[in-house]
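Engineer:
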Amino acid sequence: MKKLLYFALFSIALTACKKETSNLETTPTLDVEQRNMGVFGLRTATWCGPCGGSLDNSHEVFKNAKGLAVAMAFKDAFSEAQSPFGNVLFDKVGDMFDLPNSVPSSFQNFNIDFPASINEHLELDVTVNGNYDIAFNGNEMTINTTTKFFKNYSGDVYLAPFIIVDSLVGAQVGHPGSPNTVHMKYVADVAYPSSRTEESKFEWGYLVSAADVKAGHVVNLQFKAMKRNHWQNHNISIGMIYFRRVGNEFRFLNAFTK
7 MKKLLYFALF SIALTACKKE TSNLETTPTL DVEQRNMGVF GLRTATWCGP
57 CGGSLDNSHE VFKNAKGLAV AMAFKDAFSE AQSPFGNVLF DKVGDMFDLP
107 NSVPSSFQNF NIDFPASINE HLELDVTVNG NYDIAFNGNE MTINTTTKFF
157 KNYSGDVYLA PFIIVDSLVG AQVGHPGSPN TVHMKYVADV AYPSSRTEES
207 KFEWGYLVSA ADVKAGHVVN LQFKAMKRNH WQNHNISIGM IYFRRVGNEF
257 RFLNAFTK
């Protein structure tokens, strides 16, 4: 029941955003490559000894994934100073995609059933992909995105712009560097449309297509986010994750990051 409630809230929030199109005419159109990219995700916790023991190996996987997959570390009990929303995302991603409750655990393309799913995904025809740029004004981030469809598509498509912060320092049980352990690819937040306030933001994504679209269709959206004082601008990236809706479930479609 809990899982179904998350899906319902997700759907309602995203549907409510469909009418917020004021940014479509003002944001720039960015070049979008016709290629697929997967997701390599890690669920871990700062209180977990085995997580600390395997952290360096996980970081090597993250480095090797560059250009092939978006690396995403969902962490439980990371310092509130890093991001108060990070712990929420750790819980939500597990519930929504039936990921293991144990930590550390990893997944590919938000699915644990197909260990070769990244390689398989890279070979598929490209349905949709995106690009982004980030502008900083103090602690405010403005994220301009372009989504482009490369095939005719019918159905709901959602874009979730995850904020990923690299090289954060904090405690980690089981790691020799603690309390000054370096954490890579920490999923800190999800950006929200610039036409909404941070207080009223939704948690997972934005509806970019709710009808039949033709190959070549482009959607430009602008998002906002607030960064923490200790986040370095050059360590911040966006994981643009596209999901398709199948009934009450959301399935991975494609991903992009720089």
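Counting in my numbering, the sequence shown runs from 7 upward without gaps.
Ideal Cβ positions, reconstructed from N, Cα and C, are used throughout, including at glycine.
Could you please give the first and the last residue of the uninterrupted alpha helix (DSSP H) stretch that includes E126?
Structural biologist: Here the alpha helix (DSSP H) through E126 covers 123-128.
Engineer: Check E255 in the structure and name its three-state DSSP category.
Structural biologist: Correct three-state label for E255: strand.
Engineer: If D162 sits next to S200, beta carbons under 8 Å apart, how far is it from one beta carbon to the other, in whole angstroms?
Structural biologist: Going by Cβ atoms, the distance from D162 to S200 rounds to 22 Å, so no, they are not a contact pair.
Engineer: Determine contact between the stretch 215-234 and the stretch 32-51, defined as no fewer than three beta-carbon pairs at a distance below 8 Å.
Structural biologist: With a cut-off of 8 Å, the stretch 32-51 and the stretch 215-234 count as touching, because enough Cβ pairs lie within range.
Engineer: Mind checking R41: buried by the 16 CB within 10 Å criterion, or exposed?
Structural biologist: By the neighbour-count rule (16 or more Cβ atoms within 10 Å), R41 is not buried but exposed.
Engineer: Name the two residues that bound the continuous alpha helix (DSSP H) containing E39.
Structural biologist: Premise fails: E39 is in no alpha helix (DSSP H) and is neither H nor E.
Engineer: Just to confirm before moving on: does the CB-CB distance between F80 and V99 stay below 8 Å?
Structural biologist: Contact flag set, yes.
Engineer: In the DSSP output, what is N135 paired with across the bridge?
Structural biologist: According to DSSP, which records beta bridges pairwise, N135 is partnered with K154.
Engineer: Which class does G176 belong to by DSSP, given the choice of helix, strand or coil?
Structural biologist: Here G176 sits in strand by DSSP.
Engineer: Judging by CA-CA distance, which residue of L74, V76, L105 is the nearest neighbour of T50?
Structural biologist: Taking only the C-alpha atoms, the option nearest T50 is L105.
Engineer: According to DSSP, is P90 helix, strand or coil?
Structural biologist: P90: coil per DSSP, three-state reduction.
Engineer: I'd like the list of long-range same chain contacts for K220, defined as Cβ closer than 8 Å, with 5 residues on each side in sequence excluded.
Structural biologist: Here the set comprises F155, N158.
Engineer: Let's test the definition: count the other Cβ atoms within 10 Å of the Cβ of S89 and tell me whether it reaches 16, buried, or not, exposed.
Structural biologist: Burial call: buried.
Engineer: Report the rounded CA-to-CA distance for I170 versus E86, giving the unit in angstroms.
Structural biologist: Their backbone Cα atoms lie some 16 Å apart in a straight line.
Engineer: For the candidate residues Y212, M102, M246, whose alpha-carbon lies nearest to that of V76?
Structural biologist: Of the candidates Y212, M102, M246, the one whose C-alpha sits nearest the C-alpha of V76 is M246.
Engineer: In terms of alpha-carbon separation, which member of F84, G44, A71 lies closest to G58?
Structural biologist: Comparing Cα-Cα distances from G58 to each of F84, G44, A71, the minimum goes to F84.
Engineer: My output table needs one value for M190: the three-state DSSP class, helix, strand or coil.
Structural biologist: It is coil, neither helix nor strand.
Engineer: Hey, would you say F91 sits closer than 8 Å to G47, going by beta carbons?
Structural biologist: No. Outside cutoff.
Engineer: Leaving out the 5 sequence neighbours to the left and right, which residues in its chain are closer than 7 Å to P56 when beta-carbon positions are compared?
Structural biologist: Here the set comprises P110, G180.
Engineer: Check for me: the beta strand (DSSP E) holding G222 runs from which residue to which?
Structural biologist: Note, G222: premise wrong, no beta strand (DSSP E); not H, not E.
Engineer: What residue range is occupied by the uninterrupted alpha helix (DSSP H) comprising K69?
Structural biologist: Taken as a continuous stretch (DSSP letters only), the alpha helix (DSSP H) holding K69 covers 55-70.
Engineer: Where does Y248 fall in DSSP's three states?
Structural biologist: If DSSP states are grouped into helix, strand and coil, Y248 belongs with the strands.
Engineer: Bridge partners of N260, per DSSP?
Structural biologist: For N260, which the question treats as bridged, DSSP gives the partners Y248.
Engineer: Suppose you measure from the CA of V252 to the CA of D218; what does that come to, to the nearest Å?
Structural biologist: If you take the alpha carbons of V252 and D218, they lie about 15 Å apart.
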